[in-house]
Amino acid sequence: MATARAKTPARMEDLAVLPLFFRLKGKAVLVAGGSDAAAWKAELMVAAGADVTVFLGREAADEALLALEAHGRVRLSGAHWSAADWTVFELALGDCENDAEAQAFRARAKAEDVPVNVIDKPGYCDFQFGSIVNRSPVVVGISTDGAAPILGQAIRRRIETLLPKALAEWAGLAASLRDAIGQKLKPGGPRRSFWEHFVDLSFSGQSGPDEAAADRLLARATKIAASPQTGSVTLVGAGPGDPELLTLKAMRALQSADVILFDDLIAPDILELARREAKRMLVGKRGGRTSCRQGDINRMMLDLARAGKRVVRLKSGDPSVFGRSGEEISALREAGIPVSVVPGITAASALAAGTTTSLTHRDCAQSVRFVTGHSKKGALPEDIDWRAIADPTTTTMFYMGGRTADEISARLIAEGLSPETPVLIAANISRPDEKRWHGTLTRLGEGMKEIGYDNPVLFGVGKVFERKEALAEAIGDARVFSHPCRAYLRQ
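Printed below as a string of structure tokens:
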């Protein structure tokens with residue numbers, strides 16, 4: 013019996029810095045200096061509950077620091093710190109005018125085992141400050157490792173627009189429910205199911221939870237606890253490769269999965285978006301290569317779901333377009349396993365978008381067909397209606413037809429389709445290494461040799477590809493042709 017091949021993508025790429033969150037309530041923090049940046053850091057420490065001492069003469073303190081002192085939130089000390097001052101502090105921030113001062117500040121901090129930050133001098137820092145999105149107790153920190161603070165600020169602004177203002181209220185409710193939910197639901201699928209429902213509620217609008225929200229949520233937890241712990245399977249379309257073409261629903265499925273069974277063609281960047289704790293198992297099938305059998309994949313899905321796991325069957329393109337989803341859905345339904353499907357962008361649609369081609373342009377085509385060039389046995393399917401496909405008013409997209417391209421060309425020409433019918437071949441669609449070839453039907457086999465048989469290939473046949481300039485575009489020409497039949501150059 014074939015088994016899943018061992019290929020485990022890295023769950024996390026290398027990090028420039030590790031984001032950590034420091035609980036400062038009641039901790040003594042030293043701030044040295046009186047610049048705007050130092051004053052802001054002092055305010056930030058106060059907001060986190062720290063006991064802050066600022067070493068700065070009162071005559072040099074700005075209004076913000078004086079106001080904090082007046083409210084008893086900071087203490088202003090002498091203009092300069094001494095070695096004896098450091099014994100009580102657990103964190104130190106310094107605004108130093110030069111390297112000598114910064115070196116002395118850091119040396120004193122290290123002598124006392126106190127983590128130190130010297131403003132605008134990263135070489136002297138144990139930790140950094142990032143941009144902050146505050147929905148406390150939800151706090152988002154953003155770091156660019158000092159490379160581009162303005163970029164961090166721009167990212168913060170974008171995140172601000174995504175997080176509801178009431179998220180803080182929902183987070184507070186979560187904290188109040190945590191112990192009760194921990195008692196009602198076991199770790200794993202049931203508990204995660206509850207909290208994912210909670211998250212959906214949190215993001216469903218701008219309003220916070222009402223007075224009855226806690227009771228409704230506890231009732232839901234009771235219902236989950238009483239339900240059989242059967243898992244589920246979600247067939248997810250990953251699209252052709254570009255992570256930006258992934259749907260939001262696909263993202264949510266990836267981020268809630270216990271196990272991901274993924275195809276050989278799935279881009280690593282897409283797997284990077286999945287839940288970190290999810291187990292990843294390669295079950296890819298590629299023509300002409302050693303592969304997992306479909307029956308083995310079905311059995312894996314059944315076994316994992318019966319064990320209570322949330323399984324994502326991640327497929328390239330759209331699961332419902334030559335993705336064998338029908339076989340998998342039937343096996344799961346017969347076993348009583350809950351199954352759902354998340355559609356993806358199929359390769360034909362991505363190729364059309366990438367080449368600014370309308371597959372059904374009214375001057376060229378009245379229909380579009382998706383046809384497989386590969387049967388279970390590896391050859392062309394025997395029951396293809398070649399006469400219907402040879403219709404000159406149809407755009408035909410052939411999937412998995414690389415090794416049968418010569419036969420496809422011959423059959424179409426034999427049924428009366430012009431040998432000069434335009435053809436566009438593409439491999440690795442929407443990916444950085446995408447390749448295209450533009451020519452005619454009679455040269456289809458020649459084009460396939462240029463593209464290569466080891467690449468995932470799609471080719472289209474029809475008048476919509478009638479533009480010689482597409483070949484120049486395919487090899488990197490900057491010109492764009494927005495009309496599929498009468499090409500013109502962008503000025």
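When the letters of the sequence shown are read in order and numbered with the numbering used here, they come out as residues 13 to 503. Here a beta-carbon is modelled for each residue, glycine too, at the ideal position from N, C-alpha and C.
Over the uninterrupted beta strand (DSSP E) stretch that includes residue i, give me the two end residues.
i: PRO434; result: 434-439
i: ILE144; result: 143-147
i: VAL126; result: Unbroken run through VAL126: none, as it is neither H nor E.
i: TRP449; result: 447-452
i: LEU27; result: Element bounds for LEU27: n/a, residue is neither H nor E.
Starting from residue i, follow its DSSP beta bridges and name the residues at the other end.
i: ALA40; result: ASP63
i: ARG264; result: The partner list for ARG264 (beta bridge, DSSP) is empty, contrary to what the question assumes.
i: VAL245; result: VAL323, VAL351
i: THR156; result: According to DSSP, THR156 bridges with nothing at all.
i: THR384; result: TYR411
i: ALA104; result: LEU42, VAL128
i: ILE272; result: ARG292, VAL324
i: SER379; result: THR406
i: VAL469; result: ALA439
i: LEU88; result: VAL66
i: GLY251; result: GLY329
i: VAL9; result: The chain is shown from 13 up to 503; residue 9 falls before or after that span and cannot be answered.
When the distance is taken between beta carbons, is residue j closer than 9 Å to residue i?
i: ASP157; j: ALA49; result: no
i: PRO352; j: SER239; result: A quick correction: the sequence has Ser, not Pro, at residue 352. No, these two residues do not count as a Cβ contact at 9 Å.
i: VAL86; j: ALA114; result: no
i: GLY348; j: SER442; result: no
i: ILE396; j: VAL383; result: yes
i: VAL469; j: PRO434; result: no
i: ARG204; j: ALA180; result: no
i: SER328; j: ILE278; result: yes
i: LEU88; j: ALA44; result: no
i: ALA12; j: VAL354; result: Outside the shown range of the chain, which is 13 to 503, sits residue 12, and nothing can be said about it.
i: ILE463; j: ILE437; result: yes
i: GLY46; j: ALA72; result: yes
i: VAL130; j: ASP107; result: yes
i: LEU80; j: ALA60; result: no
i: THR407; j: LEU363; result: no
i: LEU10; j: ALA192; result: Nothing about residue 10 can be reported from this structure: the residues present for the chain run from 13 to 503 only.
Less than 8 Å between C-beta atoms, sequence neighbours within five positions excluded: which residues of the same chain meet that for residue i?
i: GLU339; result: GLN306, ASN310
i: ARG232; result: PHE206, HIS209
i: LEU314; result: ALA343, LEU344, ALA347, ILE349
i: ASN508; result: In the structure as shown, the chain starts at 13 and stops at 503, and residue 508 therefore has no counterpart that could be examined.
i: GLY488; result: Any reading at GLY488 must be qualified, since the residue scores a pLDDT of 46, below 50, and its modelled position is unreliable; no value is offered.
i: LYS321; result: GLY201, GLY243, ASP270, VAL271
Could you check where the alpha helix (DSSP H) with residue i kicks off and where it finishes?
i: ILE425; result: 417-426
i: GLY307; result: 306-318
i: TRP207; result: 201-214
i: ILE282; result: 280-283
i: GLY474; result: Neither: GLY474 is in no alpha helix (DSSP H) and is coded neither H nor E.
i: SER342; result: 337-346
i: LEU174; result: 161-174
i: SER188; result: 179-196
i: SER361; result: 359-366
i: LEU456; result: 456-463
i: TRP398; result: 398-401
i: GLU81; result: 75-82
i: THR234; result: 225-238
Excluding the five sequence neighbours on either side, which residues of its own chain have a C-beta within less than 7 Å of the C-beta of residue i, listed in chain order?
i: SER421; result: LEU453, THR454, LEU456, GLY457
i: ILE171; result: VAL145, VAL152
i: THR234; result: LYS196
i: PRO161; result: none
i: LYS480; result: Its pLDDT being 44, under 50, LYS480 is placed unreliably by the model, and the measurement read from it follows with that caveat. Here the set comprises nothing.
i: ARG100; result: With the sequence shown as reference, residue 100 is identified as Val, and Arg is not the correct amino acid for it. Contacts found: ALA40.
i: ALA51; result: ASP74, ALA76, LEU77
i: PHE139; result: PRO127, ASN129
Less than 6 Å between C-beta atoms, sequence neighbours within five positions excluded: which residues of the same chain meet that for residue i?
i: ALA1; result: Any property of residue 1 remains undetermined from this structure, which presents the chain solely from 13 to 503.
i: SER143; result: ILE154, GLY164, GLN165, ARG168
i: ALA482; result: Caution is warranted here: a pLDDT of 44 is assigned to ALA482, below 50, making its placement in the model unreliable, and the coordinate value is therefore given only provisionally. The residues are HIS450.
i: VAL41; result: MET57, ALA62, VAL64, LEU103
i: ALA237; result: LYS196, LEU197
i: ILE425; result: PRO431
i: ASP418; result: GLY457
Using a Cβ-Cβ distance under 9 Å, would residue i count as near chain B?
i: GLY390; result: Here there is only one protein chain, and chain B is not present.
(request) Inspect the CB distances between the segment 391-410 and the segment 283-290 and report whether three or more fall short of 8 Å. (result) no
(message) Count Cβ pairs between the segment 174-182 and the segment 208-223 that sit closer than 8 Å; are there 3 or more?
(response) Taking one beta carbon from each stretch, the segment 174-182 and the segment 208-223 have 3 or more pairs nearer than 8 Å; the two touch.
(request) Count the C-beta pairs between the segment 322-334 and the segment 220-229 that are closer than 8 Å, then say yes if the count reaches three, no if not. (result) no
(request) May I ask you to verify whether the segment 245-252 touches the segment 261-268, counting CB pairs closer than 8 Å and requiring at least 3? (result) Result yes; three or more Cβ-Cβ pairs closer than 8 Å.
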